[in-house]
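Q:
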Amino acid sequence: MRSFTSLALFSALVSMTAMCLGEEPAPADATSPAQVSIEVRYLSIAPKLLDEIGLKPNLIVPASPAKPVTPVFAETAASDDGSPIQLISATTVVETRIPVAVRSLSDAQLKHLIETAQGDRRVSCLSAPKVTLFDGQVGEVRDASERPFVVDVDHNRHPVIHSISEGTQFAVRPRLKDQGIVLDLQFQFANVVDVHTTSKNNDQRIQVPTVKSTRIELSAMVGDGKSLVLWADPLPAEPATPAKKNLSGLLKKKATEAEVTTLVLLITA
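If you're matching positions, the sequence shown starts at 23 in the working numbering and goes up one per residue.
1. Tell me, which residues are paired with L205 by DSSP?
2. Kindly indicate which residue of L205, V233, H184, G245 has the alpha-carbon position closest to the one of V160.
3. Using the Cβ count rule (16 or more neighbours within 10 Å means buried), how would you classify T236?
4. For K78, tell me which candidate among E61, Q57, L135 has the shortest Cα-Cα distance.
5. For A225, does the three-state DSSP call read helix, strand or coil?
6. Rounded to the nearest angstrom, what separates V233 and V116 at their Cα positions?
7. Please report the Cβ distance between E162 and F192, rounded to the nearest whole angstrom; I am assuming they are in contact, meaning their Cβ atoms lie under 8 Å.
8. If you draw a straight line from the alpha carbon of T292 to that of V172, how long is it in whole angstroms?
9. Using the DSSP secondary-structure output, state which residues sit across from E188 in a beta bridge.
10. Can you tell me which of the three DSSP states T138 falls into?
11. For S59, which option in H180, V124, V194, S185 has the closest C-alpha, if you only look at C-alpha atoms?
12. Give me the residue from E61, V230, T154, D73 with the minimum Cα distance to T113.
13. Which residue's Cα is closest to the Cα of R179: P121, S111, I228?
14. By Cβ distance, which residues of its chain are closer than 6 Å to S149, with the 5 residues on each side in sequence left out?
15. In its own chain, which residues sit with a C-beta less than 6 Å from the C-beta of S241, not counting the 5 before and 5 after it?
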């Protein structure tokens, strides 16, 4: 069986048409709010495909310095379980600051990109339902599953369950301007790459999951007839696990070598 290095490509095709409610155009003085229709597609393709298309960035956005995950003492609410000493939170974070590449595409370039990707038999595609938003409204597209883990045992020897969201989450907020549409975008992909077990009080076993998460936030102006493509530098991925029947499984491919994963965000006005 021929193997290949896989590329996880996230594609959000956003059809930005400012329109009023109803089939007929509204009068100029109408107060009906404008709407924006957004369609999201997820693709998994071989990495050499982007090279064949000739997709080169116009701009490399340097990664910003790390920001605190939560404000100081933001999560210090202890549970009322009667324990004299309670551990509120303990997390190890290994952070990689990745630069994000940006390129603007014309309608013809966008069509070529999509047709080339869909013409490859190794490409997998998953489409999410279209969402329609008002000016300033936040929309979310989520394809994730909640995985429960026994992370602790309380003083009554009852298991403490913590659920981890594994999959993708995409949020968008359109803001209409005279020059075009400003999109505030937030995309996150997370998966559990390993689970260790350890003992507590010798006879109690608890789980310690390891979660790999990639998060991209962007605010961009999108004009008529233009598309915006964003992607991160390829990073070595963890060894693949058996595929699941959701997006997380779609983006995991069996291979004999280490995989390379790149997240690509494609926005069309």
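By construction, the Cβ of each residue, glycine as well, lies at the ideal position given by its N, Cα and C atoms. Note that the coordinates shown come from a computational prediction; the quantities given were computed from them, not determined experimentally.
A: The short version:
1. P196, A242
2. L205
3. buried
4. L135
5. Inspection of the sequence shows that residue 225 is occupied by Asp rather than by Ala. D225 falls in the coil class under three-state DSSP.
6. 10 Å
7. 7 Å
8. Any property of residue 292 remains undetermined from this structure, which presents the chain solely from 23 to 291.
9. S167
10. helix
11. V194
12. V230
13. I228
14. R63
15. D206
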